[in-house]
Amino acid sequence: MRSVEELIERVRGQGGKATSQRILIWSALKGDVSHPTAEDLYVRLKPRLPSLSLATLYNVLNELVEWGEIRRFDTGDGRIHFDPDTSGHSELVCMRCHRVIDAPTDAVPRRHVPERVAGYRIISHSEQYFGYCPDCQRALEPASTREE
Ligand SMILES: [Zn+2]
0 MRSVEELIER VRGQGGKATS QRILIWSALK GDVSHPTAED LYVRLKPRLP
50 SLSLATLYNV LNELVEWGEI RRFDTGDGRI HFDPDTSGHS ELVCMRCHRV
100 IDAPTDAVPR RHVPERVAGY RIISHSEQYF GYCPDCQRAL EPASTREE
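To convert, note that position 36 of the sequence shown is 35 in numbering that gives the first Met the number 0; the numbers rise steadily by one, no gaps.
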């Protein structure tokens, strides 16, 4: 994701307005490595933007996705996550506690996201691995097999 200043330039260049809502949403996302859902961002932003609606937030997020500034991915449980890191990396998704983290690059190397594939102009690439995090594996183990 580009800097907030560059996004302001971009939206103005397109004849749009860098509204205070847009700027606060962009600022909230910049550098966020928590893969927030729109609902997470809504809870975080609402105290500073009392007039914010979830619909507006979705519009601003989807606009960033269309611009190729952020990635959107689904974790198969109805949750839509957003990530300002658009480089070709993978996420690890825990199917029990729904934690989402970036896969370590020594386990899954980052890959180059091609600009074009078979005539398509590529905006983003998404890859998730689903499983159980170490904490959830321990919680799911029968008590008798648990090492103390
Ligand atoms: Zn977990």
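Ideal Cβ positions, reconstructed from N, Cα and C, are used throughout, including at glycine.
Alpha-carbon spacing of residue i relative to residue j, whole angstroms
i           : j           : result
residue 14  : residue 21  : 14 Å
residue 94  : residue 43  : 24 Å
residue 151 : residue 70  : Only positions 0 to 147 of the chain appear in this structure, which leaves residue 151 out of reach.
residue 35  : residue 17  : 22 Å
residue 3   : residue 109 : 25 Å
residue 92  : residue 45  : 27 Å
residue 105 : residue 141 : 31 Å
residue 0   : residue 9   : 12 Å
residue 122 : residue 30  : 19 Å
residue 19  : residue 12  : 17 Å
residue 126 : residue 56  : 24 Å
residue 133 : residue 139 : 10 Å
residue 74  : residue 111 : 22 Å
Whole-angstrom C-beta distance between residue j and residue i, which should lie under 8 Å
i           : j          : result
residue 81  : residue 53 : Not quite, the Cβ-Cβ distance comes to about 13 Å (not below 8 Å), so this is no contact.
residue 76  : residue 97 : 7 Å
residue 124 : residue 87 : 5 Å
residue 40  : residue 25 : No, residue 40 and residue 25 are not in contact; Cβ-Cβ is about 11 Å, not under 8 Å.
Residue i vs residue j beta-carbon contact at 8 Å
i           : j           : result
residue 64  : residue 89  : no
residue 199 : residue 128 : Nothing about residue 199 can be read from this structure; the chain reaches only from 0 to 147.
residue 209 : residue 23  : The first residue shown for the chain is 0 and the last is 147, placing residue 209 beyond what the model contains.
residue 37  : residue 79  : yes
Distance cut-off 7 Å: residue i Cβ against heavy atoms of ligand 3
i          : result
residue 82 : With respect to small molecules bound, the structure shown includes ligand 1 and not ligand 3.
Review point. Ligand 1: which residues have Cβ under 7 Å from any of its heavy atoms, chain order?
Key: Every residue whose beta carbon comes nearer than 7 Å to a heavy atom of ligand 1 appears here in chain order: 93, 95, 96, 98, 131, 132, 134, 135.
Check your understanding: Quick one: complete alpha helix (DSSP H) runs, 4+ long, within the region 8-63?
Key -> Listed in chain order, the complete alpha helix (DSSP H) runs (minimum 4 residues) inside the region 8-63 are 19-28, 37-44.
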